[in-house]
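Numbering (this note's numbering), first residue to last: 123 to 226.
Backbone N, C-alpha and C define an ideal beta-carbon position, used for all residues, glycine too.
Read through the structure below, which is laid out as structure tokens, and then see the notes.
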């Protein structure tokens, strides 16, 4: 679905994801059902980019659990960055907000 903003520009409008209806399910009580909904969401690639660009992102983003810290967090952020960039959503990182380990 597109919406015209002027005669030369079309803006893609994506429907809201299921996480907007019950946010706690994606942050506090992550389950396989929530992961499945994420993986089918039309906003998945944009969500993956948003997770990479949001310092302190935790919980379930784009079907991938982001732990609070450590190597599992770095691995999850790398997965999300790959998902976003392979699907047309380049990630712009602010080096001041991330450690070298997370951006590699």
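Review point. To the nearest angstrom, how far is it from the Cα of residue 124 to the Cα of residue 135?
Key: The count along the chain shown starts at 1 and reaches residue 124 at position 2. The count along the chain shown starts at 1 and reaches residue 135 at position 13. Per-residue confidence for residue 124 stands at a pLDDT of 37, beneath the threshold of 50, marking its modelled position as unreliable; the derived number appears in the next sentence. Their backbone Cα atoms lie some 6 Å apart in a straight line.
Review point. In whole angstroms, what separates the C-alpha of residue 172 from that of residue 214?
Key: What you label residue 172 is simply residue 50 of the chain shown in a count that begins at 1. What you label residue 214 is simply residue 92 of the chain shown in a count that begins at 1. Going by the C-alpha atoms only, they are around 10 Å apart.
Check your understanding: Looking at the unbroken alpha helix (DSSP H) that takes in residue 202, where does it start and where does it end?
Key -> Locating residue 202 in the chain shown gives position 80, counting from the first residue. Residues 192-208.
Check your understanding: Can you tell me whether DSSP reads residue 185 as helix, strand or coil?
Key -> By one-based count along the chain shown, residue 185 stands at place 63. Here residue 185 sits in coil by DSSP.
Review point. How would you label residue 186, buried or exposed, when you count the other beta carbons within 10 angstroms and need 16 or more for buried?
Key: Counting from one through the chain shown, the residue named residue 186 turns up at place 64. Looking at its Cβ environment, which holds 16 or more other Cβ atoms inside 10 Å, residue 186 is buried.
Review point. Quick one: what does DSSP say residue 143 is sitting in, helix, strand or coil?
Key: Looking up residue 143 in the chain shown gives position 21. Coil, per DSSP.
Exercise for review: Within the same chain, show all residues whose beta-carbon is closer than 7 Å to that of residue 137, passing over the 5 residues directly before and after it, in chain order.
Suggested key: Within the chain shown, the letter at position 15 stands for residue 137. Around residue 137: 164.
Check your understanding: What do you reckon, are the CB atoms on residue 211 and residue 184 nearer than 8 Å?
Key -> Numbered from its first residue, the chain shown carries residue 211 at position 89. Numbered from its first residue, the chain shown carries residue 184 at position 62. For residue 211 and residue 184, no; Cβs fall outside 8 Å.
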